[in-house]
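Quick note on the working numbering: the sequence shown kicks off at 1 and runs consecutively. Here the structure is laid out as structure tokens; the discussion comes afterwards.
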Amino acid sequence: MERTLAIIKPDAVAAGHAGKILDRILQEGFAVRAMKLVQLTPAQAEGFYAVHAERPFFGELTEFMSSAPCIPLVLERDDAVAKWREVIGATNPADAEEGTIRKQFATSMGENAVHGSDSAENGVKEGRYFFPESVIVANGADVIDA
Ligand code: UDP
């Protein structure tokens with residue numbers, strides 16, 4: 001099993017798409033190990049996207065990500081990183097394939113509905129950015145059945 005961090009970004013939460021995106025996550029066979037609604041501070045958004053600090057879109061991106069609530073989720077599945085990136089589609093919705101979440105819900109390159117980690121190592125690291133390991137449940141299915 002592999003972990004990835006998904007974020008339902010502020011544009012998708014504000015537009016009321018969170019339920020449909022969560023449904024898709026479950027349909028695609030991911031187990032949700034942690035989830036919350038949170039509004040990031042600008043500093044938290046800058047910390048999360050620190051790897052992009054020198055990029056021209058950094059200010060716009062971190063301002064957008066801290067502008068309204070978002071929903072980070074720790075997801076687990078076989079091949080979770082690659083599978084989630086396949087389901088979300090290309091960064092630019094103009095390039096995203098039919099049937100992907102970004103094709104369906106993204107409105108621009110910046111406001112593109114969802115985030116997905118780009119490696120298994122970052123999946124674990126990014127999950128811990130939002131959730132202490134103690135609140136990432138070992139088996140989501142058990143929680144639903146309880
Ligand atoms: N982004 C942007 N302009 C760009 C490239 C990226 O606004 O030219 C934003 C976009 O929201 C993207 C995020 O920065 O999702 C992170 O960029 P990355 O290249 O890591 O894309 P992702 O992995 O999210 O597809």
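Ideal placement from N, C-alpha and C gives every residue a C-beta, glycine not left out.
Notebook entry, point to check: So who's on the other strand from Met-35, going by DSSP bridges?
Noted result: Per DSSP, Leu-73.
Checklist line | Opening and closing residue of the beta strand (DSSP E) in which Ala-6 lies | finding: 2 to 8 is the extent of the beta strand (DSSP E) around Ala-6.
Check: At which residues does the beta strand (DSSP E) containing Gly-89 begin and terminate?
Finding: From DSSP, Gly-89 is part of no beta strand (DSSP E); its letter is neither H nor E.
Check: Do the CB positions of Met-109 and Phe-30 come within less than 9 Å of each other?
Finding: Cβ atoms of Met-109 and Phe-30: not closer than 9 Å.
Check: Can the beta-carbon of Thr-91 be found closer than 9 Å to that of Asn-122?
Finding: Taking the C-beta atoms as reference points, Asn-122 is found no nearer than 9 Å to Thr-91.
Check: Relative to the alpha-carbon of Glu-126, which residue among Ala-43, Tyr-49, Gln-27 and Asp-79 has its alpha-carbon at the smallest distance?
Finding: Among Ala-43, Tyr-49, Gln-27 and Asp-79, the Cα nearest to that of Glu-126 belongs to Tyr-49.
Notebook entry, point to check: What residues match up with Val-114 in a beta bridge as DSSP calls it?
Noted result: Partner(s): Ile-8.
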